[in-house]
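S.K.: Residue numbers (the working numbering): 2 to 170.
Structure below; questions to follow.
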Amino acid sequence: MSITAGFTCSCCGEHQTESPLSYSATAPDVWGPAFETDPDSLLTSDRCVIRGLHFFVKGLIEIPVIGSDHVFTWGVWVSLSRENFNRAVEVWNTPGREAERPYFGWLSTDLALYPESTTDLKTNAHTRPVGRHHVIELEPTDHPLAVEQRNGITRDRVREIATAVLHPA
């Protein structure tokens, strides 16, 4: 999904034909190569277990784009308690699972373009229908990411994010 107007990158001067509206982390920040051969660890596209002790689900932080019908999304990982993770897995393919209560968790993806770390922000993971990632609701704090989720972002901010992702420091 993208905003099709495109933009000229302020870093390299190249014209990008579109402004992407989603970016995604492939694993929780604590995942590393050592876990790939650990029999008590698992990483799939939407679930992660580390050493049988730490549990994560992937979800989407959705941010409205002001003045449009678009939504910008960050694909992030959230740590859950063993109990909540087991429940999420139990209902993973169950129609009607969106009626589940939200699962409390901690954001486990650092989105480095924010001035303050995003790791360990308090969240609620809301289950959606089968085949769709959880929606991650941040605790309403003054953290810039939480403010953006509440208030939305401009198209200029979408372009700023695209530039930062294209040219990480």
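All residues carry an ideal CB built from backbone N, CA and C; glycine is no exception.
Following the continuous beta strand (DSSP E) through residue 65, name the residue where it begins and the one where it ends.
M.R.: Segment 55–65, the beta strand (DSSP E) holding residue 65.
S.K.: Which of helix, strand or coil does DSSP assign to residue 72?
M.R.: Correct three-state label for residue 72: strand.
S.K.: Within this structure, are the beta carbons of residue 62 and residue 167 separated by less than 8 Å?
M.R.: Not in contact: residue 62 and residue 167 (Cβ atoms no closer than 8 Å).
S.K.: On the CB-based measure, 16 or more other CB atoms within 10 Å of its CB, does residue 29 come out buried or exposed?
M.R.: Under this definition residue 29 is a buried residue.
S.K.: With a 10 Å radius around its C-beta and 16 neighbouring C-beta atoms as the bar for buried, classify residue 131 as buried or exposed.
M.R.: Label assigned to residue 131: exposed.
S.K.: For residue 155, I'd like the list of residues in its chain whose CB is within less than 7 Å of its CB, leaving aside the five on either flank, ordered along the chain.
M.R.: Closer than 7 Å at Cβ, skipping near neighbours: 67.
S.K.: By alpha-carbon positions, which one of 165, 153, 162 ends up nearest to residue 71?
M.R.: Answer by Cα proximity: 153.
S.K.: Going straight from the alpha carbon of residue 25 to that of residue 165, what length do you get?
M.R.: Rounded to the nearest angstrom, the two C-alpha atoms are 14 Å apart.
S.K.: What are the complete alpha helix (DSSP H) segments, minimum 4 residues, inside the stretch 143–169?
M.R.: Fully enclosed alpha helix (DSSP H) runs of 4 or longer: 145–152, 156–167.
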